[in-house]
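In what follows, a structure is listed as structure tokens, so that the remarks can point back to it.
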Amino acid sequence: MSERDDLRAMVRELLTDRSGSQHVRAALDGPDGFDPSLWRTMAELGVAGLLVPEEHGGMGAEFADMAVVLHELGRRVVPLPIFSGAVLAATALGSCGNPDLASELLPEVAAGGQRITVAIGGPAGQLPVSAWAVRWTAEAGGVRLDGVSGYVLDAPGSDVVIVGAAGPDGPLLAAVDSSVTRIEHQPTTDRTRRVGRVVLEGVMVPRERLLTDPGAAGALIGRVQRAAALAVAASGVGLAERVTTETAAYARQRNQFGRPIGSFQAVKHTCADMAVAVECSRVAVDQALAAWGGPDEERAVSTAKAFVGDAAAQVCADAVQMHGGIGYTWEHDAHLWLKRALLDQALFGSSSWHRRRVADLVLPSPLVA
Amino acid sequence: MSKAQTLDSFRAEVRRWCEQHVPKGWREEEANASSEKLVEFQRQWRATLEAGGYLAPHWPRELGGADLSLPEQVVLAEELTRADAPRLALYQVAIYNAAPAILHYGTEAQKRRFVPGIRDGDVWCQGFSEPGAGSDLASLSTRAVRHGDVYVLNGQKVWTSWAKHADWCFILVRTDPAAPRRHGISFLLMDMRTPGIEVRPIKQATGAAEFCELFLTDVKVPVENLLGPENEGWKVSQSTLASERGVTILELAERLHRNGMEGLVNAASGWHAEDGTPLLADPAVRERLGGLYGEVQILRGLCRQLIDSMMGRGGVGAEASIIKLYYSELLQRLMRCAVELQGLPAQIQQPLLMSAGWETGNWLNDYIGSWSWTIAGGSNEIQRNIIGEQHLGLPREPRAPGEAR
Numbered sequence: 007m008s009e010r011d012d013l014r015a016m017v018r019e020l021l022t023d024r025s026g027s028q029h030v031r032a033a034l035d036g037p038d039g040f041d042p043s044l045w046r047t048m049a050e051l052g053v054a055g056l057l058v059p060e061e062h063g064g065m066g067a068e069f070a071d072m073a074v075v076l077h078e079l080g081r082r083v084v085p086l087p088i089f090s091g092a093v094l095a096a097t098a099l100g101s102c103g104n105p106d107l108a109s110e111l112l113p114e115v116a117a118g119g120q121r122i123t124v125a126i127g128g129p130a131g132q133l134p135v136s137a138w139a140v141r142w143t144a145e146a147g148g149v150r151l152d153g154v155s156g157y158v159l160d161a162p163g164s165d166v167v168i169v170g171a172a173g174p175d176g177p178l179l180a181a182v183d184s185s186v187t188r189i190e191h192q193p194t195t196d197r198t199r200r201v202g203r204v205v206l207e208g209v210m211v212p213r214e215r216l217l218t219d220p221g222a223a224g225a226l227i228g229r230v231q232r233a234a235a236l237a238v239a240a241s242g243v244g245l246a247e248r249v250t251t252e253t254a255a256y257a258r259q260r261n262q263f264g265r266p267i268g269s270f271q272a273v274k275h276t277c278a279d280m281a282v283a284v285e286c287s288r289v290a291v292d293q294a295l296a297a298w299g300g301p302d303e304e305r306a307v308s309t310a311k312a313f314v315g316d317a318a319a320q321v322c323a324d325a326v327q328m329h330g331g332i333g334y335t336w337e338h339d340a341h342l343w344l345k346r347a348l349l350d351q352a353l354f355g356s357s358s359w360h361r362r363r364v365a366d367l368v369l370p371s372p373l374v375a
Numbered sequence: 118m119s120k121a122q123t124l125d126s127f128r129a130e131v132r133r134w135c136e137q138h139v140p141k142g143w144r145e146e147e148a149n150a151s152s153e154k155l156v157e158f159q160r161q162w163r164a165t166l167e168a169g170g171y172l173a174p175h176w177p178r179e180l181g182g183a184d185l186s187l188p189e190q191v192v193l194a195e196e197l198t199r200a201d202a203p204r205l206a207l208y209q210v211a212i213y214n215a216a217p218a219i220l221h222y223g224t225e226a227q228k229r230r231f232v233p234g235i236r237d238g239d240v241w242c243q244g245f246s247e248p249g250a251g252s253d254l255a256s257l258s259t260r261a262v263r264h265g266d267v268y269v270l271n272g273q274k275v276w277t278s279w280a281k282h283a284d285w286c287f288i289l290v291r292t293d294p295a296a297p298r299r300h301g302i303s304f305l306l307m308d309m310r311t312p313g314i315e316v317r318p319i320k321q322a323t324g325a326a327e328f329c330e331l332f333l334t335d336v337k338v339p340v341e342n343l344l345g346p347e348n349e350g351w352k353v354s355q356s357t358l359a360s361e362r363g364v365t366i367l368e369l370a371e372r373l374h375r376n377g378m379e380g381l382v383n384a385a386s387g388w389h390a391e392d393g394t395p396l397l398a399d400p401a402v403r404e405r406l407g408g409l410y411g412e413v414q415i416l417r418g419l420c421r422q423l424i425d426s427m428m429g430r431g432g433v434g435a436e437a438s439i440i441k442l443y444y445s446e447l448l449q450r451l452m453r454c455a456v457e458l459q460g461l462p463a464q465i466q467q468p469l470l471m472s473a474g475w476e477t478g479n480w481l482n483d484y485i486g487s488w489s490w491t492i493a494g495g496s497n498e499i500q501r502n503i504i505g506e507q508h509l510g511l512p513r514e515p516r517a518p519g520e521a522r
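Taken in order, these protein sequences are the chains called A and B.
If you want our numbering, it's the position in the first sequence, counting the first as 1, plus 6.
If you want our numbering, it's the position in the second sequence, counting the first as 1, plus 117.
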């Protein structure tokens with residue numbers, strides 16, 4: 007517990023120095039869209055390898071430790087390619103059935119070396135395999151991949167893409183060099199995360215590059231998708247928490263009609279609702295972390311993704327309004343907050359989709375009903 | 118044994134007790150029963166809980182409590198709810214408000230005098246609100262003038278739950294009208310048999326009448342029944358309000374999960390849309406229920422975490438307001454959802470149940486009853502002020518001209 011507090015303090019201190027608003031803006035305008043030196047520092051501190059087992063050069067930490075880092079990064083809307091490698095690839099490779107591949111790639115994740123991402127969605131980022139457009143077909147010695155996966159986090163600039171593909175015998179995951187794919191940056195309104203389309207045309211993948219037997223990746227894909235959803239939720243709590251604090255601070259010092267606007271109930275009550283949303287979001291993520299690896303994992307993660315996604319988006323929307331005119335300027339960070347929250351709300355399954363997942367887990371089947 | 122094993126064996130023990138002692142069929146018996154019968158039923162259930170040692174889970178053992186840890190209190194609430202035990206509505210104020218206030222602020226003599234009575238079944242009511250002092254509680258005007266060794270009370274109180282059946286009332290009165298508003302208030306313990314007290318039930322929006330008005334004419338309360346220092350009753354009252362918003366909510370959250378949410382899912386399994394298709398085949402309905410289900414789980418976690426942090430700190434802060442706000446509005450949204458989903462059959466009049474919260478399964482009653490939670494104990498607007506001011510440090514509203522602190 008106290009180690010986790012130390013980790014939080016360490017990351018927070020680092021980001022206070024190196025991820026102020028001006029740093030974030032400079033990084034966004036830079037060639038990579040993030041600050042490579044900050045990323046190197048994070049890797050040196052072991053953050054990139056938190057979820058990587060120790061025998062592969064990582065820390066072998068728990069998901070809850072990674073959540074602490076994501077929370078802190080979320081607080082400052084820091085653009086870093088951390089989700090793709092340190093969360094998604096680490097989860098996929100860490101529980102895959104191909105030890106050689108894991109031994110080759112996991113140390114890269116831990117060291118922040120090769121940039122590895124995971125493409126586990128349809129052309130519009132859809133989570134269900136039934137909606138995927140990348141298909142696999144068996145070939146001598148391996149598989150052939152064709153199709154498109156969209157909204158793939160950190161695909162631009164990646165070295166390796168772990169591609170999910172649907173097929174007649176079930177889905178698979180294959181590690182593919184980015185160079186044999188076509189990766190198209192999909193510029194989003196939020197610039198603090200970068201997504202892209204991964205296009206595969208007759209890409210041949212030898213069997214050694216598959217994470218599981220062909221068709222047997224269903225459970226692993228589900229786990230990686232849940233890790234993604236929980237990671238986004240953890241980051242969203244940090245964002246909502248920070249935005250609420252900033253908004254309350256503004257409401258304390260901004261005077262209109264001869265008094266601080268925070269003394270007006272119209273403003274105060276909105277801030278109070280933001281604070282309640284933050285507390286509930288925090289609990290939702292804590293519950294999902296507690297359920298991680300247990301029988302209630304899927305329900306708790308979907309609850310957290312849906313709740314925090316909506317809560318953070320609402321908190322950030324309210325923050326723009328509470329800041330008034332200054333909140334509508336490019337110069338103020340309120341638009342960065344809101345855009346990040348809106349992207350995250352849509353990423354890795356909409357709130358609506360996750361609520362229906364919860365329903366499918368706790369309600370009688372619609373066919374029986 | 119590890120903590121988890123201890124907790125598991127405690128759960129098993131409570132579950133066994135519940136199987137043997139929770140009355141069966143109380144909902145049917147309570148439907149439209151007379152108020153005397155309801156009170157008698159509450160008395161019996163209180164005695165049963167006491168015999169089992171579960172009456173006052175949060176009290177120290179030397180006072181007859183169970184001295185349970187927070188995790189054990191959660192288990193007790195879960196198991197009582199799981200067994201569909203009645204709610205000990207008549208004694209809530211005595212056990213969760215009067216006792217903690219007396220234990221915290223009372224003299225040794227007061228503790229010796231009142232706590233055993235509470236343990237043995239005295240019913241207490243709370244005389245806070247007045248016709249002219251609702252959310253603005255500090256503007257209360259019921260007067261207490263000291264004559265020798267008694268205070269003489271004159272005024273009117275309102276929304277006093279269960280006053281008709283109460284043995285005692287803890288009451289806020291103005292003892293120094295010249296002092297700033299919050300500094301001239303005292304907290305008295307008033308015997309409800311004292312001459313000069315008239316109790317009139319208020320029929321509420323639900324049709325029930327557990328709330329009452331109190332009319333006080335020259336009511337004499339001995340000075341020894343002053344709780345805490347004279348003119349510092351505001352402080353005492355804030356601690357009991359906070360307790361009202363704190364621990365009892367654990368049980369309510371469990372009830373909202375078990376009887377409210379799971380009850381709604383079970384009921385809705387049998388409901389149909391206008392075109393005759395099962396309601397739960399409608400993706401929009403499923404999404405709505407999936408969202409509410411998640412929120413009820415968040416509420417349960419929120420109660421545990423925040424109460425745990427309050428206990429760790431030994432003080433009550435804005436957490437209690439956050440819980441009260443989220444619980445009451447979630448209750449209201451869940452019940453509104455139930456009424457909307459059930460359609461016209463929800464409109465058929467159903468009996469009121471007094472030994473339940475507002476998650477009886479009679480959805481329209483529950484929905485209307487939910488306003489007792491969004492308004493009582495400091496309306497939700499007041500809770501938002503508290504959260505804004507205490508949790509976020511926002512400034513208070515400027516006082517109106519002539520309104521002293």
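Positions of the beta carbon are idealized from the N, C-alpha and C atoms, including for glycine.
Query: Using a Cβ-Cβ distance under 9 Å, would E412 (chain B) count as near chain A?; Result: yes
Query: Might you give, ordered along the chain, the residues of its own chain that have their beta carbon closer than 6 Å to the beta carbon of W176 (chain B), omitting 5 neighbours on each side?; Result: G182
Query: Look at L373 (chain B) and I302 (chain B) and say whether their C-beta atoms are less than 9 Å apart.; Result: no
Query: Please report how far the alpha carbon of A463 (chain B) lies from the alpha carbon of R450 (chain B), in whole angstroms.; Result: 15 Å
Query: Contact check, G39 (chain A) vs R197 (chain A) under 8 Å by CB: the rounded distance?; Result: 7 Å
Query: Between the alpha carbons of Q231 (chain A) and G224 (chain A), how many angstroms are there, rounded?; Result: 11 Å
Query: Do the stretch 143 to 162 of chain A and the stretch 243 to 259 of chain A meet, that is, are 3 or more Cβ pairs less than 8 Å apart?; Result: no
Query: Run through the stretch 247 to 307 of chain B for me and flag every whole alpha helix (DSSP H) of 4 or more residues, listed as ranges in chain order.; Result: none
Query: So is E506 (chain B) buried or exposed if we call it buried at 16+ other beta carbons inside 10 Å?; Result: buried
Query: Determine contact between the stretch 185 to 205 of chain B and the stretch 291 to 298 of chain B, defined as no fewer than three beta-carbon pairs at a distance below 8 Å.; Result: no
Query: Counting pairs of Cβ atoms below 8 Å between the stretch 101 to 119 of chain A and the stretch 130 to 142 of chain A, do you hit three or more?; Result: no
Query: Does the stretch 43 to 54 of chain A come into contact with the stretch 78 to 94 of chain A, if we say contact requires no fewer than three beta-carbon pairs (one atom in each stretch) closer than 8 Å?; Result: yes
Query: Based on DSSP bridge pairs, tell me the residues matched to D152 (chain A).; Result: A:R141
Query: Beta-carbon within less than 7 Å of S438 (chain B)'s beta-carbon, same chain only, minus the 5 sequence neighbours each way: which residues are those?; Result: R362, Q500, I503, I504
Query: DSSP beta-bridge partners for V209 (chain A)?; Result: A:L151
Query: Please report whether the beta-carbon of H329 (chain A) lies at a distance below 9 Å from any beta-carbon of chain B.; Result: no
Query: Using only the alpha-carbon positions, how far apart do A116 (chain A) and A92 (chain A) sit?; Result: 7 Å
Query: Could you compute how far the alpha carbon of H62 (chain A) sits from the alpha carbon of R215 (chain A)?; Result: 18 Å
Query: How big is the Cα-Cα spacing for D308 (chain B) and A312 (chain A)?; Result: 52 Å
Query: Between the C-alpha atoms of E146 (chain B) and E153 (chain B), what's the straight-line distance to the nearest angstrom?; Result: 13 Å
Query: Hey, quick one: how far does the beta strand (DSSP E) through C242 (chain B) stretch, first residue to last?; Result: 241 to 244
Query: Going by the beta-carbon positions, is the gap between L305 (chain B) and A385 (chain B) smaller than 9 Å?; Result: no
Query: Here's the rule: buried if 16 or more other CB atoms are within 10 angstroms of the residue's CB, otherwise exposed. What is D392 (chain B)?; Result: exposed
Query: Within 10 Å of its beta-carbon, does R229 (chain B) have 16 or more other beta-carbons around it, so buried, or fewer, so exposed?; Result: exposed
Query: Counting only the same chain and skipping the five closest in sequence on each side, list residues whose C-beta sits under 8 Å from that of A493 (chain B).; Result: W276
Query: Would you say the beta carbon of V402 (chain B) comes nearer than 8 Å to a heavy atom of the ligand PLP?; Result: No copy of the ligand PLP occurs in the structure displayed, which carries no ligand at all.
Query: Could you tell me the alpha carbon to alpha carbon distance between A168 (chain B) and L155 (chain B), rounded to whole angstroms?; Result: 20 Å
Query: Measure from the C-beta of V3 (chain A) to each C-beta in chain B and report whether the shortest distance is under 9 Å.; Result: Summary: the structure shown does not reach residue 3 (chain A), with chain A confined to residues 7 through 375, and so no result is reported for it.
Query: Suppose contacts are defined by Cβ-Cβ distances below 9 Å. Is Y222 (chain B) in contact with V131 (chain B) by that definition?; Result: no
Query: Bridge partners for A180 (chain A) per DSSP, in chain order?; Result: A:V169, A:L216
Query: Name, please, each residue of chain A whose Cβ falls closer than 7 Å to the Cβ of V290 (chain B).; Result: Within 7 Å Cβ-Cβ: nothing; V290 (chain B) doesn't reach chain A, min ~29 Å.
Query: Just to check my reading of the structure: R298 (chain B) and A255 (chain B) have Cβ atoms closer than 8 Å, yes? What is that Cβ distance to the nearest angstrom?; Result: 5 Å
Query: DSSP three-state call for A326 (chain B): helix, strand or coil?; Result: coil
Query: Let me make sure I understand the geometry here. Which of A:D279, A:V201, A:D302 has the alpha-carbon closest to that of A323 (chain A)?; Result: A:D279
Query: Are at least three pairs of beta-carbons, each pair with one atom in the stretch 73 to 80 of chain A and one in the stretch 12 to 22 of chain A, less than 8 Å apart?; Result: yes
Query: Residues of chain B with a CB under 9 Å from the CB of F313 (chain A): which are they?; Result: G408, G411, E412, I415
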